[in-house]
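Read the structure below first, then the notes.
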Amino acid sequence: MSDSAPLRAAVVGSMNTDLVVRVARLPRPGETVLGEDVLRLAGGKGNNQAAALARMGVDTSMVGCVGRDELGDWLTTNLAGLGADTSLVQRSDRPTGSAYITVDDEGENQIVVSPGANAALDLAHVDLDPFDVVLAQMEVSAEVVDELARRTSSLILNVAPAREVSATTLGRCAVVIANELEAERLDLEELAHCVVTRGSRGAVHYAFGVVVAEEPAPEVDALDTVGAGDVFCAAYASRYVRNDEPAAALRFAVTAGALATLAPGAQGALPSTDEVNTWLQRAS
């Protein structure tokens, strides 16, 4: 399948507002510290991955749930502005999901996530048949993930954050994507395809526990690694749906993830397909 062929992807996952405050040092229990002005950013793994897929030229629909509030309006409008279809984003009486993030001068952070409306996502009236690939993460309920695995054979599941997933659901996935810590909970020999990301050391593609491709990460002057994993997942999905060989898909995804670190914020440096291919051509 060529890069010009029409492709459709559904991203099923979380939509959060990230509220970030920078402080000189993190507070101890019971302590109050003063911070800088609050920075409001679009976040949530599903939201980030949908934005990245749309940026890569894939016809992308976001399947998520936000509140009937100003933050829900803002997240939906922001994602639509990045090129994703938001007609399948549901509304709930629960508040829009939020992440409260405190970051100190050393880059260490404390994060509290309130899932809010994300927990109300319901697939009962969502038709998955039109989509060539479905990308999901573990920031929605386990029931939603199990239902996706039953209803589509093209599920790419990013098992982040690390939570219990049944062996049956994992076995039904076309591809499972995990970081090294998350992969410790998996039986790689039971998975048809599993991609394990290793940060600055790149990624490895396993087929039933056997290494079929390995790709180092390109060296870049990273400014912010937040969201790089989400861009990796989206980039891999964009190549999987085009039937790329594992090595080519891995090389594209690792490069896209590295380029995503060149600006602050989870959606600050979303690379296009042309930008990734240009980098790969220069590196070859």
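Take the sequence shown: its position 135, counted from the start at 1, is 192 in our numbering, and no numbers get skipped.
Glycine is no exception: its CB is placed at the ideal position from the N, C-alpha and C atoms.
Residue i versus residue j - alpha carbon distance
i           : j           : result
residue 207 : residue 91  : 49 Å
residue 302 : residue 263 : 13 Å
residue 70  : residue 214 : 10 Å
residue 105 : residue 291 : 9 Å
residue 341 : residue 65  : 30 Å
residue 249 : residue 265 : 5 Å
residue 293 : residue 191 : 12 Å
residue 275 : residue 138 : 30 Å
residue 419 : residue 176 : Nothing in the structure corresponds to residue 419, since the chain is present only between 58 and 341.
residue 25  : residue 257 : The structure shown has nothing for residue 25, since the chain only spans 58 to 341.
residue 198 : residue 306 : 28 Å
residue 230 : residue 89  : 45 Å
residue 157 : residue 150 : 20 Å
residue 136 : residue 146 : 11 Å
residue 182 : residue 85  : 46 Å
residue 225 : residue 189 : 22 Å
residue 222 : residue 245 : 14 Å
residue 243 : residue 300 : 25 Å
residue 185 : residue 174 : 21 Å
residue 304 : residue 87  : 50 Å
residue 220 : residue 241 : 12 Å
residue 58  : residue 234 : Below a pLDDT of 50, predicted positions are generally treated as unreliable, and residue 58, at 44, falls in that range; the measurement from the model is reported next regardless. Residue 58 and residue 234: Cα-Cα distance of roughly 23 Å.
Proximity below 7 Å, CB of residue i to CB of residue j
i           : j           : result
residue 272 : residue 308 : yes
residue 68  : residue 103 : yes
residue 155 : residue 73  : yes
residue 100 : residue 75  : yes
residue 167 : residue 83  : yes
residue 195 : residue 218 : yes
residue 239 : residue 216 : yes
residue 178 : residue 202 : no
residue 205 : residue 193 : yes
residue 343 : residue 143 : Outside the displayed span of the chain (58 to 341) sits residue 343, for which this structure offers no information.
residue 337 : residue 326 : no
Closest residue to residue i among the options (Cα-Cα distance)
i           : options               : result
residue 232 : 251, 244 and 225      : 251
residue 162 : 81, 235 and 177       : 81
residue 311 : 260, 299, 202 and 227 : 260
residue 298 : 339, 210 and 131      : 210
residue 94  : 85, 256 and 78        : 78
residue 148 : 218, 240, 122 and 195 : 122
residue 286 : 157, 278, 242 and 253 : 253
residue 313 : 85, 112, 86 and 87    : 112
residue 108 : 295, 338 and 300      : 295
residue 288 : 315, 186 and 133      : 315
residue 98  : 284, 247 and 140      : 284
residue 187 : 170, 140, 169 and 118 : 118
Boundaries of the alpha helix (DSSP H) in which residue i is found, first to last residue
i           : result
residue 331 : 330-340
residue 208 : 199-208
residue 295 : 285-297
residue 277 : That residue, residue 277, is in no alpha helix (DSSP H); it is neither H nor E in DSSP.
residue 215 : Run containing residue 215: none in the alpha helix (DSSP H); it sits in the beta strand (DSSP E), 212-215.
residue 130 : 127-138
For residue i, the first and last residue of its enclosing beta strand (DSSP E)
i           : result
residue 151 : No beta strand (DSSP E) contains residue 151, which DSSP labels as neither H nor E.
residue 260 : 260-264
residue 81  : Here residue 81 belongs to no beta strand (DSSP E), and DSSP marks it neither H nor E.
residue 105 : Taken as a continuous stretch (DSSP letters only), residue 105 belongs to no beta strand (DSSP E), being part of the alpha helix (DSSP H) at 102-112.
residue 220 : Segment: none, residue 220 is in no beta strand (DSSP E) and carries neither H nor E.
residue 65  : 65-69
- Message: If contact is defined by three or more beta carbon pairs under 8 Å, each pair taking one atom from either stretch, is the segment 126-137 in contact with the segment 325-334?
- Response: no
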